[in-house]
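Asks:
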Amino acid sequence: MNVTTRIAPVGMDEAEWNIRCDLAALYRLVAHYRMTDFIYTHISARLPGPENHFLINQYGVLFEDMRASDLVKIDLDGNIVDQDRDGSKIINPAGFTIHSAVHSARHDLRFIIHTHTAAGIAVAAQEQGLLPISQHAMKFYGKLSYHKYEGIALDEDECPRLVADLGPTNKAMILVNHGLLVGGNNAPDAFLQIYYLERSCQAQVAALSGGSKLIIPSEEVCRHAAAQHERPEPLRSAHLEMVWAAACRQIERSPIDYRS
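Below is the structure:
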């Protein structure tokens with residue numbers, strides 16, 4: 090899913106560099122759409138190969154400044170694989186706990202995005218969860234998981250419960266009293282998942298704030314709309330390519346190239 094030609098640095102595998110560029114683009118896009126929480130929250134990508142390595146952000150780098158070279162390679166035990174000689178690379182432990190749990194269980198979700206947006210947290214705090222009151226929300230009808238809040242995600246014993254709540258097929262989950270979590274088979278897939286889920290939450294917060302009685306479509310209509318969101322191949326891949334190309338054009342105006 091590469092929009093422009095990317096030249097890997099000397100000594101780095103081309104496949105890894107392309108994933109780094111896609112992941113850096115995701116960080117920039119999350120910042121562009123104002124889904125950041127200062128230096129907190131995380132986006133990660135699984136690298137190919139039997140080593141079970143994945144990439145996550147260098148703790149403290151602003152999402153709008155993220156570059157491919159800023160990403161840190163770690164293993165499933167949280168060890169930094171590509172540490173600098175001065176030991177300057179650091180990661181957020183909470184990011185490691187959540188993302189390693191999903192990456193270890195769901196190899197189909199190569200990219201994972203976690204956010205703490207105002208709308209996402211608001212819906213995560215509502216007892217009814219995400220309501221099917223918008224076309225955006227109906228994309229997730231019958232396909233959205235929930236995970237009960239257990240405190241800051243630092244305890245590894247929470248991982249099996251988080252993975253069990255996500256399930257074997259869902260790509261999106263609301264972390265109750267916490268925020269949003271989505272995964273994708275590739276970067277464009279993950280981007281559209283978080284874009285739609287965030288917009289769904291924004292619409293719900295706005296609708297509830299109006300105080301009027303909400304219109305909720307029938308279950309039959311909701312299931313039909315959810316099915317319509319699922320495009321067959323190769324239409325799905327073509328659509329993702331188009332969306333990703335357009336999204337990357339939005340962040341290529343930055344003076345700091347994310348592909349550096």
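Residue numbers for the sequence shown follow my numbering, beginning at 90 and rising by one. The C-beta atom is built at its ideal place from N, Cα and C for all residues, glycine as well. Just so it is clear, the structure is predicted and the values come from calculations on it, not from any experiment.
1) Answer with buried or exposed for histidine 225, where buried requires no fewer than 16 other C-beta atoms within 10 angstroms of its C-beta.
2) With 16 other CB atoms within 10 Å as the buried threshold, where does phenylalanine 143 fall?
3) Is it a yes or a no for the region 210–222 touching the region 262–270, going by three-plus beta-carbon pairs under 8 Å?
4) Residues bridged to aspartate 164 by DSSP?
5) Assign tyrosine 148 to one of three DSSP states: helix, strand, or coil.
6) With distances taken between CB atoms, is the gap from alanine 279 to leucine 233 smaller than 8 Å?
7) If I measure Cβ to Cβ from aspartate 346 and keep anything under 6 Å in the same chain, skipping five residues before and after, which residues do I get?
8) Excluding five sequence neighbours on each side, which residues of the same chain lie with their C-beta closer than 8 Å to the C-beta of alanine 335?
9) Once DSSP output is grouped into helix, strand and coil, what is the label at methionine 155?
10) Spatial neighbours of leucine 281 within its chain, please: CB distance less than 8 Å, with the 5 preceding and 5 following residues excluded, ordered by chain position.
11) Considering only the beta carbon of each residue, do serine 301 and serine 223 sit closer than 8 Å?
12) In chain order, which continuous runs of the alpha helix (DSSP H) of length 4 or greater are located wholly inside the region 160–242?
13) Return helix, strand or coil for methionine 331, following the three-state DSSP convention.
Replies: Based on what the coordinates show:
1) Label assigned to histidine 225: buried.
2) By the neighbour-count rule (16 or more Cβ atoms within 10 Å), phenylalanine 143 is buried.
3) Cβ pair count under 8 Å is three or more, so yes.
4) Aspartate 164 is bridged to His142.
5) Tyrosine 148 falls in the coil class under three-state DSSP.
6) It is not a contact, given that the beta carbons lie outside the stated cut-off.
7) So the list is empty, once near-sequence residues are dropped.
8) Excluding residues within five positions, none has a Cβ falling inside 8 Å.
9) In this structure, DSSP gives methionine 155 a state outside helix and strand, which the three-state scheme calls coil.
10) If we look at leucine 281 and ignore the five residues flanking it on each side, its Cβ neighbours are Gly273, Leu329 and Val332.
11) No.
12) Counting whole runs of 4 or more residues, the region 160–242 contains the alpha helix (DSSP H) stretches 182–194, 207–213 and 224–227.
13) Under the three-state reduction of DSSP output, methionine 331 falls in the helix class.
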